[in-house]
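Okay, so here's the structure we're looking at.
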Amino acid sequence: MVCYSLVPENLTKSRGSNLHDHFKNTCETAQATKDMHIQKATKYQKDVTSQKQCVPFRRYNGGVAPGITQVWQQVAHKIAAQIRENDTNSKMRLALD
């Protein structure tokens, strides 16, 4: 028997389609905010768009200019913010039902 760590009643999912951004930038943005709380991830996203913090290149760092190991990814963070907002809205909707 397989034991799952997530409670199915509390699970929400969100995704994006037809996104106009490179896969590598979006993947690095998702990895940077992977285990963060929703408020911390939102603050991090605002800091990246205002260029106070940057997103590190961890996996897809080939083909990047020499000496650059981080970048301020504006479009990827806008997409992540929209997906995060959809996820929080679906959580609030499920809590009301």
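Mapped onto this note's numbering, the consecutive letters of the sequence shown carry residue numbers -17 to 79. For every residue, glycine included, the Cβ atom is placed at its ideal position computed from N, Cα and C. In this text the structure is predicted, and so the values were computed from the model without any measurement.
CA-to-CA distance, residue j to residue i, given in whole angstroms
i	j	result
Lys28	Ile65	15 Å
Asp79	Ser72	Legend: pLDDT at Asp79 = 48, less than 50; position of this residue unreliable, value from coordinates given subsequently. Cα to Cα, Asp79 sits roughly 11 Å from Ser72.
Gly(-2)	Cys9	13 Å
Ile61	Asp17	18 Å
Glu67	Ala23	11 Å
Asn0	Val30	23 Å
Arg41	Gln21	25 Å
Val142	Tyr26	Nothing can be reported for residue 142: it is not among the residues displayed for the chain, which extend from -17 to 79.
Limits of the alpha helix (DSSP H) - the one that residue i falls within
i	result
Gln27	20 to 31
Lys(-5)	Taken as a continuous stretch (DSSP letters only), Lys(-5) belongs to no alpha helix (DSSP H), as it is neither H nor E.
Gln13	5 to 14
Nearest candidate by alpha-carbon position, reference residue i, set the options
i	options	result
Thr70	Thr8, His19, Thr11, Asn0	His19
Gln13	Gly(-2), Gln33, His59, Thr31	His59
Gln56	Ser32, Ala23, Asn68, Glu67	Ser32
Asn43	Gln21, Tyr26, Thr11, Ala77	Thr11
Test: residue i CB closer than 8 Å to a CB of chain B
i	result
Tyr42	Given the protein chain composition of this structure (a single chain), no chain B is represented.
Taking one C-beta from the region 28 to 37 and one from the region -4 to 4 each time, how about it: are there three or more such pairs within less than 8 Å?
-> no
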